[in-house]
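These notes are about the structure you will find just below.
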Amino acid sequence: MIDTLTNRISPGYFETLQMSLIGGRNFNETDKPDSPKVAIVNETFARRFITGKGNSDEALGHVFRRRDDIPIQIVGIVKDSVYGVTTPLGSPASPVFYVPFLQYTDSYAAIQARTESNIRGFNISMTQQIHQLDPAIAPIYSLPLSTVVTERALYLPRVTAVLSGLFAIIALTLALIGLYGVISYTVQSRTQEIGIRMALGAQRGSVLRMILVSSISLVAFGLVGGILGALALSSYLSGLLVSVSPRDPATYVVLSGAMLVAAIIASLIPAAKATRIQPITALRYE
0 MIDTLTNRIS PGYFETLQMS LIGGRNFNET DKPDSPKVAI VNETFARRFI
50 TGKGNSDEAL GHVFRRRDDI PIQIVGIVKD SVYGVTTPLG SPASPVFYVP
100 FLQYTDSYAA IQARTESNIR GFNISMTQQI HQLDPAIAPI YSLPLSTVVT
150 ERALYLPRVT AVLSGLFAII ALTLALIGLY GVISYTVQSR TQEIGIRMAL
200 GAQRGSVLRM ILVSSISLVA FGLVGGILGA LALSSYLSGL LVSVSPRDPA
250 TYVVLSGAML VAAIIASLIP AAKATRIQPI TALRYE
């Protein structure tokens with residue numbers, strides 16, 4: 000007995016979704032309620048329950064049973080695909096078998112359609128055709144596939160990305176606070192040095208540059224280490240990203256530049272304080 004994901008479909012389903020049959024036949028009008036029960040399974044189903052590591056085509060003609068104990072013969076094999084709008088992208092394929100809609104009717108059905116016309120006009124036309132078949136049928140809603148993928152299949156990756164972004168913002172804030180503290184301590188510990196430089200004629204601009212260069216150097220070392228760490232972990236992030244490479248150069252450049260600017264802003268306050276130090280006060284500082 001096999002119990003797994005089931006999808007009730009009509010002829011033309013695979014062509015509409017551009018899913019390829021790799022063996023056997025598609026459903027047709029001969030698969031009626033009183034005909035022998037048949038099914039089309041995906042590659043994962045064939046390998047997991049029937050062929051093992053063998054060729055998935057070997058599952059053709061195999062008969063299996065579900066909980067109702069009715070024998071079902073496999074007449075086709077279809078390539079694996081992501082099944083279900085709530086399945087996260089990047090997830091391994093689940094075993095799925097497809098059965099003719101006429102052999103397993105239900106009060107609920109979803110229509111998959113491909114069109115090149117305006118989606119709003121297509122929805123109106125589809126609703127009219129459904130009402131012509133049976134006025135009692137009331138379509139609940141219609142969505143383009145892009146919306147389904149964006150709002151549902153990407154839900155978990157988006158939640159993960161938002162949480163990761165929040166933690167990243169918290170980490171950046173703590174890092175900037177720490178940088179401010181380090182630069183403030185550096186300025187305090189170099190008070191006499193700064194006083195001597197200014198007593199010997201150093202301009203405020205040169206003192207400001209000295210402090211900023213010191214802080215930028217510190218941040219640069221941190222950025223190099225962070226980039227190397229991100230590159231090392233990029234393979235683990237690939238499942239959370241859609242249409243973006245985990246090693247996208249533009250992303251690294253923009254984020255590094257943003258962090259560098261934020262670090263400079265955090266360093267400006269202690270650096271500005273250093274330029275206001277009076278030489279005589281600095282020389283007496285202990």
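Quick note: the sequence shown uses numbering that gives the first Met the number 0, first residue 0, plus one each step. Cβ atoms here follow ideal geometry from the backbone N, Cα and C, with glycine treated the same way. Note that the structure is predicted; figures quoted are calculated from it, not measured.
The straight-line gap separating the alpha-carbon atoms of S19 and K78 is approximately 6 Å.
Contact between V40 and F96 holds: CB atoms are separated by about 4 Å, below the 8 Å threshold. In chain order, P10 place their CB closer than 8 Å to the CB of E28, counting only its own chain and leaving out the 5 sequence neighbours on each side. In the structure shown, F26 falls within a coil segment according to DSSP collapsed to helix, strand and coil. Taken through DSSP and simplified to helix, strand or coil, P248 comes out as helix.
Contact check between the segment 199-213 and the segment 249-262: fewer than three CB pairs, one atom from each, fall below 8 Å, which does not count as touching. The straight-line gap separating the alpha-carbon atoms of S55 and V158 is approximately 36 Å.
In this structure, the alpha-carbon of V161 lies about 12 Å from that of I169.
When A109, I136, L259 and G23 are compared, the shortest CA-CA separation from F220 is found for L259. Restricting attention to S145, S188 and S214, the CA atom closest to the CA of G177 is found in S214. Using a Cβ-Cβ distance cut-off of 8 Å, the segment 106-118 and the segment 54-70 are not in contact, since fewer than three pairs of beta carbons, one from each stretch, lie closer than that value.
Counting along the chain, the unbroken beta strand (DSSP E) around N41 starts and ends at V37 to N41. With respect to the C-alpha of I21, the residue from S106, D33, I8 and A45 having the closest C-alpha is A45. One Cα belongs to I276, the other to T190, and the distance between them is close to 8 Å. Contact annotation, P94 with T3: C-beta distance approximately 5 Å; criterion of less than 8 Å satisfied. By the criterion of a C-beta distance shorter than 6 Å, Y179 is surrounded in its chain by A265, once the five residues flanking it on both sides are discounted.
Judged by DSSP in its simplified three-state form, N122 adopts helix. Annotation for P70: the continuous beta strand (DSSP E) segment containing it runs P70 to V77. The three-state secondary structure of T190, taken from DSSP, is helix. In the same chain as L230, and ignoring 5 residues on each side of it, the C-beta atoms closer than 7 Å to its own belong to R246, in chain order. Listed in chain order, the non-local C-beta contacts of L222 below 6 Å within the same chain comprise S255, local neighbours out to five positions each way being set aside.
Taken in chain order, the complete alpha helix (DSSP H) segments of 4 residues or longer contained in the segment 92-137 are 118-132.
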